[in-house]
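A.B. asks:
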Amino acid sequence: MKEEKINDKENVIGSNIRRIRVEKGMGQTELVRELQLRKIAITRETLVKIEGGRQHIKLDQLRAIRDILKVPYEDLLQ
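So the sequence shown is numbered by my numbering: it starts at 7 and just counts up by one.
1) DSSP three-state call for residue 31: helix, strand or coil?
2) Quick check: is any heavy atom of the ligand PLP less than 7 Å from the C-beta of residue 26?
3) Helix or strand or just coil, what does DSSP make of residue 77?
4) According to the neighbour-count rule (16 or more other Cβ atoms, all chains shown, within 10 Å of its Cβ), is residue 20 buried or exposed?
5) Please say whether residue 18 and residue 67 have beta carbons closer to each other than 8 Å?
Dropping the structure here:
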């Protein structure tokens, strides 16, 4: 089954997560580990899909990523 990419206008969150994560020197595996320690159900594959615009993010994932990256929602949503 072919995955469809989410419209770029809809993928601001995924691309912002990737940009901020890289700016903070954090790898995908490290972010996923931190999320799993907070009992957030996510795999590295899921994070890759979110950042690449192939999967929508869940609210609990967004909230935890915001906390781990120590940024306000505005930085993730703009």
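All C-beta atoms, glycine included, are put in the ideal place defined by N, C-alpha and C.
C.D. replies: According to the data block:
1) Here DSSP, grouped into helix, strand and coil, assigns residue 31 to coil.
2) For the structure depicted, the ligand PLP is absent and the ligand set is empty, with no information on it obtainable.
3) The three-state reading of DSSP puts residue 77 in coil, since its state is none of H, G, I, E or B.
4) Residue 20 counts as buried, since at least 16 other C-beta atoms from the protein chains shown sit within 10 angstroms of its C-beta.
5) No, Cβ-Cβ distance for residue 67 and residue 18 is not below 8 Å.
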